[in-house]
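Residue numbers (our numbering), protein chains in the order written: chain A, 8 to 486; chain B, 3 to 782.
Input: a single structure, listed below in structure tokens.
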């Protein structure tokens with residue numbers, strides 16, 4: 008039986024299709040049609056809802072795409088939809104602001120914007136334009152051009168004042184705490200320990216493992232497959248931790264992007280842009296690095312970074328554990344060394360203090376778009392000489408791959424124009440990319456070469472701004 | 003920064019940015035869209051799409067599908083007659099019949115108890131095809147040995163002189179002056195070939211319909227649409243039903259941009275509902291919405307423009323080749339309109355434009371905000387820039403020298419009544435600090451370049467007919483009924499403002515009826531930037547007629563002459579020069595219960611100004627004899643290009659539009675900004691890509707539209723008000739014009755940044771990167 012709160016109402020479900028989405032549940036079974044379906048793939052945000060869960064004695068609110076969230080994932084949480092915000096005739100602050108700013112045109116995307124802004128309202132007491140944009144980058148609006156919506160966000164999320172959710176917080180917390188952390192429904196299992204998970208995976212190979220379901224749910228909503236049995240790693244204690252010592256970070260495979268981005272960015276500032284551009288906030292609230300790696304897409308953004316950082320994966324099969332370096336994890340397009348029933352439990356990332364990580368991404372659209380090419384460069388240097396280089400690229404081959412020829416060319420070279428020339432020439436030796444809908448092979452090679460030039464530029468003139476990023480415009484606005 | 007129209011009315015609610023009437027229900031999540039309608043006992047429909055670009059249908063086997071769980075009915079081409087629909091050429095059945103003409107074309111439909119059951123059963127329908135060679139480009143379609151897509155084209159009903167032949171759906175030729183001999187009088191001539199891509203509308207609401215047949219065989223149809231009347235016409239034509247059997251209604255619409263003007267799956271939904279006798283709901287998935295509705299036409303444009311040394315434009319010729327896909331839909335209109343707009347808002351004495359519309363085995367291409375204008379503007383406004391650079395004249399000065407003014411004829415002869423173009427140019431020049439911008443040296447940050455560019459444009463608002471009924475209710479409130487579908491742009495609010503203004507009543511006392519073919523007067527559609535201008539005219543006149551009746555009653559009640567009474571604010575009539583007043587309540591009560599009957603004002607009109615002046619110009623295959631009044635616009639953009647990736651970002655934009663009169667300035671601004679952002683996506687990265695006959699990117703994962711992060715921090719929208727004499731309170735349309743100049747202005751700015759002229763859209767990072775590389779090689 009899975010248990011959750013639909014706003015204030017306690018709900019327990021046992022016999023439900025494992026692959027039923029929260030969106031279908033709301034619209035078909037609860038007659039809550041305010042939440043809209045625009046794409047059923049987590050790309051438009053019209054279905055955004057907010058989930059509250061207890062973290063450190065407080066409720067933490069997050070926006071999610073309900074179209075790619077399985078109903079079982081709600082276990083132990085409070086689900087809040089657009090219907091829950093107003094109280095009688097009185098609109099919630101974010102709704103009032105949207106009305107005042109003329110921020111709704113056709114209105115189909117509006118409930119999604121309402122909920123994304125509501126999550127922002129609940130998580131930050133003061134926001135700037137940048138924060139509003141980051142919160143809304145997963146919500147598409149084809150009518151307004153966004154300006155009125157940003158204004159509404161600034162208006163609403165800089166207000167001080169409690170709403171009804173603050174007033175009910177302690178009641179909700181106690182109701183949620185009464186729900187056990189593990190659960191088992193007819194075809195949906197939520198273990199809370201790694202042993203339970205490992206056993207489930209061994210006992211019944213029909214169970215599909217998932218964390219945020221940002222990718223797995225597409226098999227249901229886009230390919231119309233049935234996923235009869237699901238096991239969620241969302242409550243497995245051991246896989247939801249972030250630990251570190253002097254030499255490494257240990258990121259549980261179920262840790263969501265948003266929950267590990269801060270700590271990783273503080274070690275490697277270049278990752279800020281990677282995380283910002285990786286999916287949208289609802290996707291980062293839902294998706295995990297472990298899922299991104301296990302999914303083995305050649306265009307995932309984290310694998311090249313992890314490969315450059317020389318990360319290793321702890322794998323678990325039954326009681327058996329093994330450690331596989333990132334370099335050896337992928338064996339082909341969408342293929343990994345994972346055996347049936349085996350899963351990633353932890354990602355270990357050496358801190359490589361003294362090295363600098365440079366990451367460059369190119370995609371058609373700035374945010375929430377699959378990379379045409381992503382290059383991650385971990386560089387040690389002494390004076391003007393490169394002493395160590397670990398470099399990996401995504402989007403350049405059927406799998407994420409190290410650029411070994413490039414690494415060999417750079418190590419023990421100075422960063423000067425001759426090294427740059429030789430380094431650029433290695434790209435076609437390391438990679439033979441293909442033409443696809445995103446870019447031609449030639450362009451990919453050219454961009455990879457450009458990344459190397461940019462790397463040199465940044466090594467030589469570290470104080471200049473070389474990249475077009477939203478951060479930079481932000482910092483320019485601030486100054 | 004708006005100019006103010008001198009006006010004898012002490013305007014109340016017109017010109018005010020009142021919030022849209024339905025904003026509350028939208029933020030509450032209570033607005034009801036097509037997918038939110040759940041009639042009792044309904045079944046769900048699902049479609050089977052053609053896997054072939056071109057094939058004959060030899061037979062259907064539906065036994066397995068019919069036996070599948072939950073299935074109630076299966077529909078194929080055998081279930082519909084030979085009726086065909088189409089706005090210009092009637093070439094399209096309700097569902098594929100005898101032949102499929104594009105990958106994704108609906109070829110069968112299933113109704114089942116759940117959506118999942120319906121979708122799964124659709125996959126069980128077996129169809130025997132004989133595949134045919136497909137035509138994938140218009141060039142292929144025109145080849146002598148090309149497979150013929152519509153063998154019976156000659157016999158199809160056409161509403162204009164199309165000149166159809168083989169795969170040529172229509173052709174149009176316009177001429178004014180003498181282009182052939184004008185070139186020798188030019189000191190500079192620029193010439194080039196431009197191509198533009200297919201753009202998907204991506205209304206966030208996918209298309210859908212709900213239909214139900216009652217016990218008398220009468221059908222009620224709700225659908226995502228831009229015109230309940232076009233829906234009625236298309237369904238009835240394709241299913242051979244008398245219009246009296248179909249009631250077409252509308253829920254709230256999740257935007258259209260042209261996509262929902264002509265039919266999508268309404269005919270199939272109705273046929274399915276008739277077959278299974280229960281309400282049927284059919285909502286397209288995002289992928290289906292990409293693959294089976296319609297898209298913006300890809301263009302191939304050859305353009306040539308010539309000028310004298312002093313910058314005077316002398317001649318232009320423009321030849322376009324349009325892919326209309328499998329069915330012409332609105333394509334002849336799009337072709338004709340681009341050819342009419344290809345001269346731009348300039349006095350060019352010698353102008354020739356011609357174009358061909360060719361069937362291919364692709365999705366139909368049709369109306370999309372701009373309606374063929376962004377494509378020719380992309381070419382034309384870059385050529386103006388090229389001429390300016392060759393002659394070393396500031397691009398703004400060159401434009402100013404050649405633009406149309408009030409009283410000048412548009413291409414083919416229609417007189418321009420109101421032209422705020424010069425003010426638009428002044429406004430963007432000043433706001434962008436144009437002279438300082440172009441003098442400033444390019445940013446010196448390594449790896450980046452900046453550039454600035456401008457483009458100007460015009461657009462029409464008008465076409466065909468509209469009507470309005472204004473009724474005074476018993477208590478003096480006002481019921482407005484126009485049949486115009488508000489697709490989110492706020493036309494209900496704007497029309498209510500016009501009505502309230504004319505009757506001098508509070509906006510809150512005006513209700514706006516939801517369009518319904520049973521009860522609303524005819525309105526051609528929410529398209530052609532026409533609702534404010536055309537339906538607004540109808541509303542104003544209808545309200546004026548109601549006002550006369552109100553005053554007549556009042557005069558009788560006061561026992562004075564009608565000339566002695568006037569409407570006063572707040573829904574009262576007073577005797578001029580006195581403080582004696584009567585409220586509408588008293589007047590309407592009298593009308594309802596004693597004398598004369600309910601007060602109703604109604605007005606019908608069709609757009610009346612001729613496009614062609616036969617004394618000035620010659621036209622062959624003109625699809626619209628009377629098109630509309632002209633709005634104008636000017637746009638400046640500043641871009642930044644990353645030298646490593648070619649990625650282009652828009653830093654700032656200044657867009658000024660002459661909309662005659664902004665009935666609701668906030669709503670106009672949102673149109674300007676929304677159109678700019680849609681144009682930004684079109685200019686930089688939106689592109690439908692085919693692999694053979696199959697669309698490769700029919701998802702929002704692979705087809706990207708701009709997010710909040712792609713939008714520049716500063717889009718300054720500037721409203722210019724140059725009142726149109728017969729527009730309601732001077733208003734002209736604002737819906738489409740904002741997109742026209744965007745790709746051209748960005749291309750001009752990218753040229754400024756990179757010295758490379760982009761003649762192919764979209765200007766992806768890859769293209770800009772290659773251009774940068776090529777121009778460096780060329781210029782160093």
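Glycine included, C-beta positions come from ideal geometry on N, C-alpha and C.
Between the CA atoms of residue 676 of chain B and residue 371 of chain B - distance to the nearest angstrom: Here the alpha carbon of residue 371 of chain B sits roughly 11 Å from the alpha carbon of residue 676 of chain B.
Test: residue 108 of chain B CB closer than 9 Å to a CB of chain A: Cβ-Cβ to chain A under 9 Å: no for residue 108 of chain B.
Chain-ordered residues of the stretch 88 to 119 of chain A with a beta carbon less than 7 Å from chain B: The stretch 88 to 119 of chain A vs chain B, Cβ under 7 Å: 89, 90, 93, 98, 102, 105, 106, 109, 111, 112, 113, 114, 115, 116, 117, 118.
Continuous beta strand (DSSP E) assignments of at least 3 residues falling wholly in the stretch 675 to 736 of chain B: Listed in chain order, they are 716 to 722.
Reference residue 313 of chain A, options A:384, A:417, A:71, closest by Cα: Nearest C-alpha to residue 313 of chain A: A:384.
C-beta neighbour in chain A for residue 668 of chain B, strict 9 Å: Residue contact check for residue 668 of chain B against chain A: a CB pair falls below 9 Å.
Exposure label - residue 483 of chain A; buried when at least 16 CB within 10 Å: Residue confidence is low: residue 483 of chain A scores 37 on pLDDT, short of 50, so the model does not pin down where it sits. No coordinate-derived value is stated.
Cβ pair count under 8 Å reaching 3, the stretch 66 to 74 of chain A against the stretch 16 to 24 of chain A: Because the criterion of three Cβ pairs below 8 Å is not met, the stretch 66 to 74 of chain A and the stretch 16 to 24 of chain A do not touch.
Beta-ladder partner(s) of residue 130 of chain B, from DSSP: Under the DSSP definition of a beta bridge, residue 130 of chain B partners with B:61.
Whole-angstrom C-beta distance between residue 249 of chain B and residue 518 of chain B, which should lie under 8 Å: Yes, they are in contact, since the Cβ atoms of residue 518 of chain B and residue 249 of chain B sit about 7 Å apart, within 8 Å.
Residue 427 of chain A: first and last residue of the uninterrupted alpha helix (DSSP H) it sits in: 424 to 432 is the extent of the alpha helix (DSSP H) around residue 427 of chain A.
Pairwise C-alpha distance: residue 456 of chain B and residue 402 of chain B: When rounded, the distance between both Cα atoms is 12 Å.
Beta carbon proximity, residue 16 of chain A to chain B, threshold 9 Å: Chain B contact via Cβ: absent.
Whole-Å CB distance - residue 344 of chain A paired with residue 351 of chain A, under 8 Å assumed: Wrong, their Cβ atoms sit about 11 Å apart, outside the cutoff.
Interface flag, residue 366 of chain A vs chain B, CB-CB below 9 Å: No Cβ of chain B is located within less than 9 Å of the beta carbon of residue 366 of chain A.
Simplified DSSP assignment, three categories, for residue 400 of chain A: Here residue 400 of chain A sits in strand by DSSP.
Neighbour-count burial assignment, residue 275 of chain A, 16 or more Cβ in a 10 Å radius: Counting the other CB atoms within 10 Å of its CB gives residue 275 of chain A a total of 16 or more, which places it among the buried residues.
Coil, strand or helix - residue 74 of chain B by DSSP: The answer is strand: DSSP assigns residue 74 of chain B an E or B state.
Chain B residues whose Cβ lies nearer than 7 Å to that of residue 457 of chain A: The contacting residues are 646, 647.
Any C-beta of chain B under 9 Å from that of residue 452 of chain A: Not closer than 9 Å to any Cβ of chain B, the Cβ of residue 452 of chain A fails to qualify, so no.
Start and end residues, alpha helix (DSSP H) containing residue 487 of chain A: The shown model of chain A, from 8 to 486, leaves out residue 487 of chain A, and the question about it has no answer.
Same chain, Cβ closer than 8 Å to residue 329 of chain A, five either side skipped, listed in chain order: Once the five neighbours on either side are set aside, the close Cβ partners of residue 329 of chain A are 321, 322.
Amino acids of chain B, ordered along the chain, whose beta-carbon sits closer than 7 Å to that of residue 126 of chain A: Chain B residues near residue 126 of chain A: none, gap ~15 Å exceeds 7 Å.
Spatial distance of residue 540 of chain B from residue 731 of chain B (CA atoms): So the alpha carbons of these two residues sit roughly 12 Å apart.
Contact set for residue 161 of chain A: own chain, Cβ-Cβ below 7 Å, skip 5 residues either direction: Counting only Cβ-Cβ distances below 7 Å, and skipping sequence neighbours, we find 134, 136, 139.
Chain-order list of residues whose beta-carbon lies under 7 Å from that of residue 431 of chain B (same chain, five-residue window excluded): The answer, listed in chain order, is 398.
Beta strand (DSSP E) segments (min. 3 residues) lying fully within the stretch 122 to 170 of chain B: Complete beta strand (DSSP E) runs here, min 3: 128 to 133.
Rounded Cβ spacing between residue 242 of chain A and residue 199 of chain A (contact assumed at less than 8 Å): 5 Å between Cβ atoms; contact.
Member of B:663, B:21, B:219 whose CA lies at the smallest distance from the CA of residue 633 of chain B: Closest by alpha carbon: B:663.
Which listed residue (A:372, A:301, A:296) has its alpha carbon closest to that of residue 340 of chain A: The shortest C-alpha separation from residue 340 of chain A is found at A:301.
Under 9 Å between C-beta atoms of residue 130 of chain B and residue 62 of chain B: Yes, the Cβ-Cβ distance between residue 130 of chain B and residue 62 of chain B is below 9 Å.
Beta carbon proximity, residue 698 of chain B to chain A, threshold 9 Å: Yes, because at least one Cβ of chain A sits closer than 9 Å to the Cβ of residue 698 of chain B.
Pairwise C-alpha distance: residue 308 of chain A and residue 315 of chain A: Approximately 12 Å, taken between the alpha carbons.
Minimum length 3: unbroken beta strand (DSSP E) runs contained in the stretch 236 to 296 of chain A: With a minimum length of 3 residues, the continuous beta strand (DSSP E) runs that stay inside the stretch 236 to 296 of chain A are 237 to 239, 249 to 251, 255 to 259.
Residue nearest to residue 534 of chain B in terms of C-alpha spacing, selected from B:503, B:496, B:561, B:560: Considering only alpha carbons, the answer is B:496.
Limits of the beta strand (DSSP E) - the one that residue 659 of chain B falls within: Looking at the DSSP string, the run of the beta strand (DSSP E) that includes residue 659 of chain B is 650 to 660.
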